[in-house]
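Trainee: Each residue of the sequence shown is one higher than the one before, counting from 1 in the numbering used here. Ideal Cβ placement from N, Cα and C applies to all residues, glycine included. These numbers were taken from a predicted model, which means no experiment stands behind them.
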Amino acid sequence: MKINKYVSYLHKDCLWKRFLILLVLVGTTSLYAQVQKINITGIVNDEAGEPLIGANVVEKGTTNGTMTDMDGAFSLNVSDKGTIQIRFVGYLAQEFPVNGKTSFNIVLKEDSKILDEVVVTALGIKRSQKALSYNVQEIKSDELTTIKDANFVNSLAGKVAGVNINTSSAGVGGATRIVMRGTKSITKDNNALYVIDGVPIYNSNNGGLDQNNEYAAQPRGEGISDLNPEDIESLTVLTGPAAAALYGSSAANGAVLITTKKGASGKPKVMVSNQTTFSNPFVLPEFQNRYGNDGSYSSWGAKQNKYSYEPSDFFQTGVSIQNSVTLSVGTDKNQTYASIGSVTSDGIIENNTYDRYNVTLRNTTSMLNDKLILDFGVSYVKQKNQNMMAQGKYGNPLTGAYTFPRGEDFNALKNFESINPAADYPVQNWSWGDQGIDLQNPFWVINRNMDNDKKDRYMINASLKYVLNDWLDVVGRARLDNANTLFTQRRYASTLATISGPYGSYVRRKIEDKQVYADAIANINKRWGDYSLASNIGVSISDIRTDLMGYGGNLKIPNYFTIPNINKKDGGNNPEQSGQHEQIQSVFANVELGWKSMLYLTVTGRNDWASALANTNNKSFFYPSIGLSGVISEMVTLPSAISYLKIRGSYSSVGSAIPLKISIPTYPYDGQGGEWETNTYRPIGELKPERTNSWEAGLSAKFFGNRLNLEATYYKSNTKNQTFNIPISASSGWSSMYVQSGDVENQGIEISLSADNKFGNLTWTPTFTAGYNKNEIKSLADNITDPFTGEPIVIDVLAQGGIGTSEIRLMKGGTMGDLWTKTKLKMNEDGSVYVNPTTGSPQLENELTKVGTLLPKWNLGFRNDFTWKDFNLGFLITARYGGVVMSHTQAILDGFGVSEASALARDNGGVRIGNQVIDAQSYYEITGSSQGLLSDYVYKADNIRLQELSFGYNLPSSWFNNVMKVNVSFIGRNLWMIKNDAPFDPESSASTGTYFQGMDYFMQPSLRNLGFSIKAQF
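(1) Given this structure, state the Cα-to-Cα distance separating Leu31 from Lys81, to the nearest angstrom.
(2) Mapping DSSP to helix, strand and coil, what is Thr927?
(3) Just mark Gln947 as buried or exposed, buried being the case when its beta carbon has 16 or more other beta carbons within 10 Å.
(4) Taking the alpha carbon of Ala401 as the reference point, which residue from Ser279, Phe315, Pro421, Asn415 has its own alpha carbon closest?
(5) Measuring from the CB of Glu512, is there a heavy atom of the ligand HEM at a distance below 7 Å?
(6) Taking Pro426 as part of the beta strand (DSSP E), name the residues at either end of that continuous run.
(7) Does the segment 366-380 touch the segment 462-477, meaning 3 or more C-beta pairs lie closer than 8 Å?
(8) Between the alpha carbons of Gln391 and Lys568, how many angstroms are there, rounded?
(9) Straight-line CA distance for Glu408 to Lys184?
(10) Please state whether DSSP places Tyr600 in a helix, a strand or coil.
(11) To which residues does DSSP link Pro766 through a beta bridge?
(12) Could you compute how far the alpha carbon of Asn783 sits from the alpha carbon of Leu687?
(13) Tell me whether Val539 is buried or exposed, calling it buried when 16 or more other Cβ atoms sit within 10 Å of its Cβ.
(14) Helix, strand or coil for Arg648? Go by DSSP, reduced to three states.
(15) Taking 6 Å as the limit between beta carbons, can you name the residues of its chain near Ser717, skipping five residues before and five after?
(16) With 16 other CB atoms within 10 Å as the buried threshold, where does Pro311 fall?
(17) The beta strand (DSSP E) with Tyr715 in it runs from where to where?
(18) If you run the structure through DSSP and keep just helix, strand and coil, what is Val24?
(19) If the criterion is Cβ atoms closer than 8 Å, does the pair Gly171 and Gln1017 meet it?
(20) Around the Cβ of Pro442, are there at least 16 other Cβ atoms within 10 angstroms (buried) or fewer (exposed)?
(21) Is Asp907 helix, strand or coil when you go by DSSP?
(22) Between which two residues does the alpha helix (DSSP H) containing Met1003 stretch?
(23) Does the distance from the C-beta atom of Val199 to that of Gly263 stay below 8 Å?
(24) Secondary structure at Asp936, three-state DSSP: helix, strand or coil?
(25) To which residues does DSSP link Glu417 through a beta bridge?
(26) Once you ignore the five residues that flank Thr28 on each side, which residues in its own chain have a CB closer than 6 Å to its CB?
(27) Is Met389 buried or exposed, if buried means 16 or more other CB atoms sit within 10 Å of its CB?
(28) Can you check the segment 830-896 for any alpha helix (DSSP H) of at least 4 residues that lies completely inside it and give the ranges in chain order?
(29) What residues in its chain sit with their C-beta under 7 Å from that of Lys556, if we drop five residues either side in the sequence?
(30) From Ser112 to Glu59, what distance separates their C-alpha atoms?
(31) Can you name the residues that DSSP bridges to Ile524?
(32) Can you give me the Cβ contacts of Lys306 inside the same chain, cut-off strictly under 8 Å, excluding the 5 residues immediately before and after it?
(33) To which residues of the same chain is Ser320 closer than 6 Å at the C-beta, ignoring the five residues directly before and after it?
(34) Grab the span of the beta strand (DSSP E) containing Thr176 for me, first residue to last.
(35) Can you tell me whether DSSP reads Ala251 as helix, strand or coil?
(36) Considering Val445, what are the terminal residues of the beta strand (DSSP E) in which it resides?
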């Protein structure tokens, strides 16, 4: 029995041990299960759906954490039973239990203290706005599409501080001049750089005049105007060189960054829109009808009421119709965006048309668990225009339409041609001659002097991004942009002999613009405790080619417009072949160091190897920038009214290569003589890149719970090593030489003030922008010696052309827009006006006089947007202060006696000057011309206008069974000129080049547009 008891005990003891072992195993397994690690990923956005960069993601109770990247994404290994905490400055912290979940879409709510925004910066990189050390201004898509323009750049006017925008007087589709922080370069382009999705584009701009006078050929459009505004998601404007320094040689002029739309996951969205506007002249000179011509062309005759002719009747009502259809569709892994757009328009001058058709397709695909992202897009543009006209003598019907003698039947001119019985071909009906200003029948000009452009353009872009880990990714991008343009010019037989042979003339010209761009960038976004690092390191290549080939000349057979019919024996025939090839290879880096998300130091550097520097001692140039920003509201406790305060400052030194074709000898072809010309400038010595050194300081502040926002910036820049050609002594064997000198300084301020106000169902958002710039030429040539002779080189003045007795002259102490006149009234010794006793007319004598600068001091904008329930109202008032403009048109109208001023002088018995009264005809026939007393035709450029107005209503969705949303709006642009002293629109420009703004020579008037817009979203 004892044995049995012992055996039973052993059995029980073994069972107990087995139970203990089993319990330990179960506990261990349970404990292992409790601490099992899993990888979670997620996106952190704000309430508007924008990614939050640099948000802290931490596993609660541990030091295990990470930070969101440029897309708001994060990846972290955590316990599957743990909790993650999300924190970001200005937002309420949130916690989320993991519970085995591996994917999170997190939306942080604003905490009423501060809203930190994410903006697109250089290279298409998204950055937290609090980290930026320079001024950045963002424009949303609806600000471009509420009141659309065929060239969307015109929609920026008055909405961005520090930017001067001049709309081309060429009409719909014309180029736009956009200059940021003042004119800097004497010889190079001063227009801003355009960037699409991080890639700089070559903006083939044909809006500049080929010469700064009344004889210039008519300008055309530009490449950026080909874009469909409905394809634009947002615009970021970088006004300073520091902001755009990573873009290289064009960065000195600032940049406009365009972010285009992508497809979105979820339910497919279709947007259909139509905008139809009707146009009429906005500002016209004042004309008279009460005095006739008495048989001569000039209207200096007696009063008449035989014919009543208003030059405003020469214009027709212009019509512009813009249609667009967009589609957005996709899943989490694949998104597609597609659009079709069109612009069809007739200008205010008969036979002026502009048509454009856009097709865009873009696809974004994520692969390999979202580590590999492919973005591919293709766009095609077909554009054609006819008879785009800005100003000048040739191809301009307004010279004849404005000056036509009162007392004659203007309607008779509509029968502009008749058959020549001797030659059996139509000839121009015009019996008045050219009257010294190359006049023709205005209806002949618009029907028989034809300029046509046809362009086909295709753009292909691709980017491939690979995410190596949660803090490093690499991306490669490429863009191909090709445009083929066919330009033809047809001048019919009996056209003015100055511009055509007796049987007509023909020009056919093909232009090919090609750009290839590629870059590769490594992006680093890492955080260690209180410190963060955001860096971008890359290389790029840009290759741009332009080729032109054409032939033109006078015809042998009347009005038979083919190249074989060009008279090869005539001295007017001109074969054309030209082009240029520019390549820039670059390396660049951007490093941003942050501390506690409140203090940021940013350093950038770029080195360019530019083909323009070939055969010089400087094959490349380096330019750096450095900036510091600090969020004061995170460092110290501020009064409760101040929700957010950041101060910032930056310095940059930006290089720009010398003008093309200087370092490589070229030999122009003389079409008239049929010979090659030789270079007449001395072989170059050492040439350096043009250099713009700039610094800025500013602040960003938000008040009263983010309801009031202020951005203020002060800047100063100096552009040196300007390259220009100067005459030298003929004894040297050369006629000129290139020198580098000059210092153009710009300094000013930029202010943007906005507010968000809500009163129940009413929302009011006012925005005020202001930009002030002072431009000064500090030097033209100081301490320069001839490298061959050792003699000092002195440049007192650089003349940049002009019209008649006016001229733009650059001098030390002046500005880049100084306007001078060359004549004055001859005076008697007692101070009275000298009057020729024989003719009874005053006399002019030569004298150079500065009459002002064409550059503005202030550009202002005040925008107001209201919403109440389903109604929305918006209007924009813009203003310019400072500077002058000149109207040669008004002078010539006075000289021909067709202006209201000439009629008033006759009504008052003459022109009163002091105590003298001079006969009106005697006075104006001397002073009223381009060779006359142009100081009488200088006007202040100050103007205030109601630039935009829209009033819309969202139709009830129930009307459409809740399947779509529809908005209908009344829209208008340039509705009311509140203040203006000039007889034309001072903001309209015949040229988008560096000079010649504010000079009116029968300029096509700017447009007042009225119309409606319909948008439907499915």
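Mentor: The structure says:
(1) Any reading at Leu31 must be qualified, since the residue scores a pLDDT of 38, below 50, and its modelled position is unreliable; no value is offered.
(2) helix
(3) buried
(4) Phe315
(5) Summarising the ligand content, the structure contains no ligands, and the ligand HEM is consequently not present.
(6) 425-428
(7) yes
(8) 31 Å
(9) 50 Å
(10) strand
(11) Asn864
(12) 16 Å
(13) exposed
(14) strand
(15) Thr692, Ser694, Asn746
(16) buried
(17) 708-727
(18) Only weak support is given to the placement of Val24: the predicted model assigns it a pLDDT of 38, under 50, and the question is left unresolved by the model.
(19) no
(20) buried
(21) helix
(22) Per DSSP, Met1003 belongs to no alpha helix (DSSP H) and is neither H nor E.
(23) no
(24) helix
(25) Gln428
(26) At Thr28, the pLDDT of 40 sits below 50, so the modelled position is not reliable and the matter cannot be decided from this model.
(27) buried
(28) 888-896
(29) Tyr503, Asn565, Asn567
(30) Only weak support exists for where Ser112 lies, its pLDDT of 48 falling under 50; the value from the coordinates is given anyway. Going by the C-alpha atoms only, they are around 26 Å apart.
(31) Leu472, Ser535
(32) Gly292, Gly407
(33) Val172, Thr277, Ser345
(34) 176-180
(35) helix
(36) Segment 442-448 is the alpha helix (DSSP H) holding Val445; no beta strand (DSSP E) there.
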